[in-house]
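Working notes for the structure below.
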Amino acid sequence: MTALFLRDLKLSIRAGGGALIGVLFFLTVVAVIPFGVGPDLNLLSRIGPAIVWIGALLSALLGLDRLFQAERDDGSLDLLLMQETPLVLTVLVKCLAHWTATSLPLVIASPLLGLFMNMNETAIGATMLTLLVGSPAITFIGAVGAAVAVALPRGGLLVSILVLPLAIPVLIFGVSASYAAVEDPAPFLPPFLILIALTLFFAVIGPAAAALALRNTSD
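Letter by letter, the sequence shown follows residues 66 to 284 of the working numbering.
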């Protein structure tokens with residue numbers, strides 16, 4: 066499992082630019098917002114957590130279609146299906162490697178973009194923490210879409226269409242927790258705990274559903 070994690074980590078970084086492309090897209094999405102809403106710093110600070118979360122969500126969708134594509138292209142997907150290690154565990158390790166290579170850099174880059182959106186220290190910290198907790202759920206959801214579309218020649222758009230509706234609850238509670246951290250009447254803990262619960266739920270359901278989809282695809 067360690068060898069598989071390191072192998073997928075290298076493939077995720079090399080394929081299509083990996084983390085660099087995701088971070089650049091993240092920067093682009095957030096950077097164009099001030100040009101659209103104007104130079105109102107108070108408005109930027111209010112919408113900052115939502116914009117950072119939306120940018121991270123869209124950036125996380127970029128490489129999801131490649132989650133199983135390399136194994137499909139070189140034929141090693143059949144070996145993964147026939148090995149003694151449970152396929153669910155293999156998918157879980159691949160998801161963790163993909164998140165480390167593509168989503169973790171977005172979490173690290175979020176404080177810089179928070180400053181760009183005129184967010185204060187509390188809002189930046191809360192947004193970074195919610196991204197760290199909630200972004201794995203997007204990867205686990207994306208694994209299901211990637212498994213369904215792995216046999217298609219151009220499944221990237223299909224993966225995005227499948228993942229976006231399921232990722233909306235993660236976005237809602239991530240943004241709600243970020244706002245609650247800077248708004249005194251709103252409690253931070255309830256939406257944050259729900260966000261953790263969503264990540265744990267999809268950590269169980271996502272790999273299992275992706276493994277089932279991969280087996281059906283191979284059949």
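The beta carbon of each residue, even a glycine, is placed where N, CA and C say it ideally should be.
For residue i, the first and last residue of its enclosing alpha helix (DSSP H)
i, result
"T192", "186-213"
"L109", "106-125"
"L129", "Neither: L129 is in no alpha helix (DSSP H) and is coded neither H nor E."
"G32", "The first residue shown for the chain is 66 and the last is 284, placing residue 32 beyond what the model contains."
"P170", "169-181"
"T155", "152-163"
Supposed contact pair residue j and residue i - C-beta distance, whole angstroms, cut 8 Å
i, j, result
"V156", "F70", "That pair is no contact at about 12 Å."
"V95", "M193", "The pair is not a contact, with the Cβ atoms about 14 Å apart (cut-off 8 Å)."
"I173", "A125", "Actually they are not in contact, since the Cβ atoms of I173 and A125 sit about 14 Å apart, beyond 8 Å."
"L277", "A211", "Between A211 and L277 the Cβ distance is about 13 Å, and since that is not below 8 Å, they are no contact."
Span separating the alpha-carbon of residue i from that of residue j
i, j, result
"T187", "A162", "29 Å"
"P252", "R131", "38 Å"
"L146", "R137", "11 Å"
"N107", "G113", "10 Å"
"L231", "I206", "7 Å"
"A208", "L152", "13 Å"
"P170", "L260", "20 Å"
"P272", "L154", "8 Å"
"S110", "I119", "15 Å"
"T150", "G103", "54 Å"
"E248", "R280", "47 Å"
"F91", "A275", "26 Å"
"L89", "V213", "28 Å"
"D105", "L197", "28 Å"
"W164", "T67", "15 Å"
"L254", "T195", "11 Å"
"I270", "G101", "38 Å"
Neighbourhood of residue i by C-beta distance below 7 Å, restricted to the same chain and skipping five residues each side
i, result
"P176", "I189, M193"
"V122", "Here the sequence assigns Leu to residue 122, which means Val is not the residue at that position. If we look at L122 and ignore the five residues flanking it on each side, its Cβ neighbours are I203, A232, L236."
"I116", "V95, I98, M182"
"P234", "L263"
"Q134", "V215"
"F267", "A202, F205, I206"
"P256", "F238, S241, A242, A245"
Cβ-based neighbour list, residue i, same chain, cut-off 6 Å, excluding 5 preceding and 5 following
i, result
"M184", "S110, G113"
"L178", "V95, V117"
"A191", "S243, A246"
Neighbourhood of residue i by C-beta, 8 Å cutoff - its chain only, sequence neighbours within 5 removed
i, result
"G87", "S124, A125, L127, G128, T167, S168, P170, L171"
"L180", "I189"
Fill in: Touch test, the segment 221-228 against the segment 238-253, Cβ-Cβ under 8 Å, three pairs minimum
Not touching, per the Cβ criterion.
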